[in-house]
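**Q**
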Amino acid sequence: MLAGLAALVALVALMGGVPYALLTFAGPPVTSDMLDLGFFTTEVGPSTIQAVLVLLVWLAWFQLFVCVLVEVYAGVRRVGMPARVPLSGGTQALANKLVGAVLLLFTAGAMIAPIARMAAPPAATPVTAVAYSAPIVEQTLETHKTKKVYVVQPPHGRHHESLWEIAEKCLGDGRRYPEIYRLNQAKEQPDGTRLRMADLIRPGWVLDMPDDARNVHIVPAGQPRQQTLREHPGVAHTRAHADAKHHAPKKATERHEARHGKPADVRQDQPEITIREAQSLDLIDYLAGASLAAAGLLAVLARRRREQLWRRVFGRRIVRPRDDAAQAEVALRLGGDAPGARVLDLGLRHLGAGLAAQRRTPPVVDGAHLSPRTLDLWIHPPDDD
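Numbered according to the working numbering, the sequence shown spans residues 193 to 577.
#1: Under 7 Å, do A218 and V246 count as touching if we go by C-beta distance?
#2: Is it right to say R386 is buried, meaning 16 or more other beta carbons lie within 10 angstroms of its own, or is it exposed?
#3: Relative to the C-alpha of F254, which residue among V277, L484, T233 is closest?
#4: Assuming contact is defined by CB atoms lying nearer than 7 Å, are A287 and C259 in contact in what I supplied?
#5: One question on the structure: do T283 and L256 come within less than 7 Å of each other, judged by their Cβ atoms?
#6: Can you list, in chain order, the residues of its chain whose CB lies under 7 Å from that of A359, leaving out five sequence neighbours each side?
#7: Below 8 Å on the Cβ atoms is my contact criterion, and I expect K340 with M401 to pass it. Report the Cβ-Cβ distance as a whole number of Å.
#8: Could you give the C-beta distance for P555 and D575, rounded to a whole number, given that I count them as a contact under 8 Å?
#9: Measure the C-alpha to C-alpha separation of V264 and A523 and round it to an integer number of angstroms.
#10: Using the three-state DSSP reduction, which class does P412 fall into: helix, strand or coil?
#11: Here's the rule: buried if 16 or more other CB atoms are within 10 angstroms of the residue's CB, otherwise exposed. What is A205?
#12: Note down, in chain order, each residue of its chain lying with its Cβ closer than 8 Å to the Cβ of A549, except the 5 sequence neighbours on either side.
#13: Please report the straight-line C-alpha distance between A491 and L295, rounded to a whole angstrom.
#14: Measure the CB-CB distance between L562 and G527 and report whether it falls below 7 Å.
#15: Bridge partners of G544, per DSSP?
#16: Report the CB separation of L421 from V344 in whole angstroms; it is logged as a contact under 8 Å.
#17: What are the start and end residues of the beta strand (DSSP E) that includes A560?
#18: To the nearest angstrom, report how far apart L227 and G281 are at their CA atoms.
#19: Smallest Cα separation from M207: which of V291, F298, L297, L543?
#20: What first and last residue would you give for the alpha helix (DSSP H) that runs through K340?
#21: From which residue to which residue does the beta strand (DSSP E) around D568 run?
#22: Taking the DSSP output, what are the residues bridged to M401?
#23: Check for me: the alpha helix (DSSP H) holding R350 runs from which residue to which?
#24: With DSSP collapsed to three states, give me the class of Q550.
#25: A293 and A202 - do their beta-carbons sit closer together than 7 Å?
#26: Please name the residue in R565, G559, D516 whose C-alpha comes closest to that of V535.
#27: Would you identify the three-state DSSP class for Q284, choosing helix, strand or coil?
#28: Does DSSP classify D435 as helix, strand or coil?
#29: Can you give me the Cβ contacts of A413 inside the same chain, cut-off strictly under 7 Å, excluding the 5 residues immediately before and after it?
#30: Tell me the DSSP secondary structure of L387 in three-state form.
#31: For I393, which residues in the same chain have their Cβ closer than 6 Å to its Cβ, ignoring the five residues on either side in sequence?
#32: Quick one: Cα of A275 to Cα of E521, how far?
#33: Candidates E499, L399, L375: which alpha carbon is nearest Q418's?
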């Protein structure tokens, strides 16, 4: 990142600062005196030498400017090897390094932005409070003698409540579900079961809630869970009651609407949220880090490849692999030629089947030459048949 910023500053200084300084202190590249033919026949003085030097500096800057344009075009259009600028070996090499570092800086910045947006935790959305058939009465009791509880609601269609949804509705953030889990872990519920897994709760359970919870019941601290469930008749505490409420006739709902002037169930449908979604949020951080690492590795490999291609222009050869690395390269090249590998495999299988039919032992194959039309094998010992 620092190298890219330094390259950007250097590139701006060379492309903008140098011509500004030349125009300010030395004037334009070609003066009015140089347009006169007598300039080349008069006696050479300090002013003449200065004018020639200024012209040479302008020409060098123009050469660098052309090299930068060529490198930027090659980098943006991804045309591979940039075109060679005549008589600009060292200058084009400098432009290649500066432009490559600047392009790498902007490429890394463009990749970080979407990953940062992806890795950001989702903002807490406003949740509509559930309208119970019986209003929630918050008793004005002393703080040290009361506690806040939440009664798990029966399923609404295919939607079942989860600790994530309860935390989002009562605490404002679904990621706080572990607090509810720790408060109720292994505590006996009204149906005789206990909370063992964070993603498995049942309708009718009475859950202890943190002190800052909203939309909950306030009950005495020592009140049993069975009594809490009985004091709030709007909550179904058995699965049978929940199923009966779910399959109630539509006419009963219409009568309730006609009597009270509002629907019996004003609860809005919400997307099904499970605890596994909370665990998937942790994976986003790892995916973001892996994406950044992969992008950095790809950028380093691309820069190294460009440098190798650039050295080839001047007659230098890339260092070839040796020993195990050379064998690995040969294997990769063979594996990359899928049709050739298939022809070689079929040829060897056909040879083995023919020798097996003749009850002959296959020879030792020292090498193979595969052409578009033939397959030649070097065997030991030699056999004309």
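Each residue gets a CB set at the ideal place from its N, CA and C atoms; glycine is no exception.
**A** According to the structure shown:
#1: yes
#2: exposed
#3: V277
#4: yes
#5: yes
#6: D365, G366, R368, Y369, I372
#7: 4 Å
#8: 6 Å
#9: 36 Å
#10: strand
#11: exposed
#12: none
#13: 10 Å
#14: no
#15: Its beta-bridge partners do not exist; DSSP assigns none.
#16: That belief does not hold up - the Cβ atoms of L421 and V344 are roughly 10 Å apart, past 8 Å.
#17: 556-562
#18: 31 Å
#19: V291
#20: Segment 338-343 is the beta strand (DSSP E) holding K340; no alpha helix (DSSP H) there.
#21: 567-572
#22: K340
#23: Unbroken run through R350: none, as it is neither H nor E.
#24: coil
#25: no
#26: R565
#27: helix
#28: Any answer about D435 is weak, because its pLDDT of 45 lies below 50 and its placement is not dependable; what the coordinates show is given next. Helix at D435.
#29: K337, T338, K339
#30: strand
#31: V344
#32: 29 Å
#33: L399
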